[in-house]
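Numbering (our numbering), first residue to last: 180 to 367. From the three backbone atoms N, C-alpha and C, an ideal C-beta is built for every residue, glycine too.
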């Protein structure tokens with residue numbers, strides 16, 4: 180069955196100028212071939228013209244004239260982080276804290292919020308405007324939020340810089356006090 184199908188596909192792939200002949204063999208089967216058989220009456224088959232499609236040349240994307248900034252075309256008029264201290268350090272002894280996202284209008288279907296911590300995507304994209312960061316190292320960091328559709332960034336907020344203050348592992352407050360000593364019982 181497969182060889183027959185392959186032969187038919189090959190016959191269809193012949194150039195339009197090739198001649199095809201049709202005849203009936205001794206067993207009564209109809210046979211198509213590109214050469215007429217000797218001693219058998221064969222009729223010429225007129226094939227319809229092959230289908231052709233003109234190649235479409237893709238258009239180059241329109242170049243930005245610089246008159247409009249990407250922010251003016253952004254789908255969200257407000258996109259910023261809240262809950263990050265401005266001047267003082269953020270105290271998070273285990274490096275875990277929550278930031279909120281102020282976004283207007285509401286998040287569109289198919290869009291998600293993703294944090295960008297120190298220039299790298301952080302955590303999973305979410306449709307909830309409260310996002311948690313976990314085990315962030317002490318020191319200075321930059322944080323922004325991006326609206327994404329899949330992996331494509333639709334819009335990104337301004338980057339906020341903040342400092343995380345964590346308790347040192349060497350701090351006396353972290354050291355466990357020695358176990359209490361048993362008090363001797365008075366003699367009777």
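Spatial distance of residue i from residue j (CA atoms)
i           : j           : result
residue 314 : residue 255 : 30 Å
residue 177 : residue 340 : Not covered by the structure: residue 177. The range shown for the chain is 180 to 367.
residue 201 : residue 231 : 25 Å
residue 330 : residue 291 : 10 Å
residue 326 : residue 303 : 12 Å
residue 224 : residue 236 : 36 Å
residue 211 : residue 205 : 14 Å
residue 259 : residue 293 : 12 Å
residue 362 : residue 271 : 39 Å
residue 181 : residue 234 : 32 Å
residue 359 : residue 305 : 49 Å
residue 217 : residue 226 : 22 Å
residue 261 : residue 283 : 14 Å
residue 289 : residue 276 : 26 Å
residue 220 : residue 203 : 8 Å
residue 364 : residue 316 : 49 Å
residue 298 : residue 228 : 59 Å
residue 183 : residue 332 : 52 Å
residue 366 : residue 357 : 27 Å
residue 185 : residue 222 : 23 Å
residue 265 : residue 324 : 17 Å
residue 246 : residue 328 : Because residue 246 sits at a pLDDT of 45, beneath the cut-off of 50, its placement in the model cannot be relied upon, and the following sentence gives the value as read from the coordinates. Taking the straight line joining both Cα atoms gives about 26 Å.
Nearest to residue i (by Cα), restricted to the options the options
i           : options            : result
residue 263 : 202, 305, 300, 319 : 319
residue 267 : 234, 284, 344, 365 : 344
residue 346 : 212, 206, 274      : 274
residue 338 : 300, 185, 358, 357 : 300
residue 269 : 239, 342, 316, 215 : 342
Supposed contact pair residue j and residue i - C-beta distance, whole angstroms, cut 8 Å
i           : j           : result
residue 309 : residue 336 : Not confirmed; about 15 Å, so no contact.
residue 213 : residue 198 : 7 Å
residue 281 : residue 307 : With 8 Å as the limit, residue 281 and residue 307 do not qualify as a contact, their Cβ atoms being about 13 Å apart.
residue 312 : residue 286 : Their Cβ separation, rounded to whole angstroms, is 20 Å, which puts residue 312 and residue 286 out of contact at 8 Å.
residue 239 : residue 334 : 24 Å between Cβ atoms; not a contact.
Residue i at chain D interface by Cβ criterion, 7 Å
i           : result
residue 265 : You won't find chain D in this structure, because it holds only one protein chain.
Check: residue i C-beta below 6 Å from any heavy atom of the ligand MN
i           : result
residue 181 : As presented, the structure is devoid of all ligands, the ligand MN included, so that no description of it is given.
Inset, instruction - Go through the region 283 to 322 residue by residue and report every complete run of the beta strand (DSSP E) that reaches 3 residues or more, in order. - result: 291 to 296, 299 to 305, 309 to 312
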